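Position one of the sequence shown corresponds to residue -4 (the working numbering), numbered consecutively onward.
What follows is one structure encoded as structure tokens, with my remarks underneath.
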Amino acid sequence: MATPATEVTRPLRRVEYDQLVRLGVFANERVELLEGELVAMSPIGAPHNFSVKALNEQLVLALRGRAWVRPQMSFAAHGALRARAGFGDRTPRRLPHRATRPSADRD
């Protein structure tokens, strides 16, 4: 009997994911890229909203003047890992508006 072929996969790179998002491939889906793997995001409801609000309040107070707290905004951790939404903190800059998202491999 023949043995089944082993599937070979490769991680999706952040640049590929970003291009697919721009093309609207995931327009009706809640997905994020984690460690190069496309993952369905958990639904947002009351428990999620409460947790985000509570954590945001704690982080804002703890990091005041030292970093920005960005709840529910995308954050690019490095070339292969990208979350669409979550908490990220960055040192405040003179110009708070930027056209691109913060990234650990930039700035």
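Note that CB positions come from ideal geometry on N, CA and C, so glycine has one too.
Note that the structure is predicted; figures quoted are calculated from it, not measured.
Asked: Looking at C-alpha atoms only, which residue of F21, V34, V10 is the closest neighbour of A71?; Found: V10
Asked: Kindly list the residues whose CB is nearer than 8 Å to the CB of H43, restricted to its own chain and excluding five residues on each side of it in sequence; keep chain order.; Found: S37
Asked: Straight-line CA distance for G31 to P6?; Found: 4 Å
Asked: Go ahead and label E27 buried or exposed: buried means 16 or more other beta carbons lie within 10 angstroms of its beta carbon, across all protein chains shown.; Found: buried
Asked: Going by DSSP, what residue range makes up the alpha helix (DSSP H) through V3?; Found: From DSSP, V3 is part of no alpha helix (DSSP H); its letter is neither H nor E.
Asked: Determine the burial state of V20: buried for a count of at least 16 other Cβ atoms within 10 Å of its Cβ, exposed for fewer.; Found: exposed
Asked: Between the beta-carbon of L54 and the beta-carbon of V47, is there less than 8 Å?; Found: no
Asked: How many angstroms separate the CA atom of Y12 from the CA atom of T4?; Found: 15 Å
Asked: Going straight from the alpha carbon of A22 to that of V16, what length do you get?; Found: 7 Å
Asked: Residues in its own chain within less than 7 Å of L33 by CB, not counting five upstream and five downstream?; Found: L7, V26
Asked: What are the boundary residues of the alpha helix (DSSP H) that A49 is part of?; Found: 41 to 58
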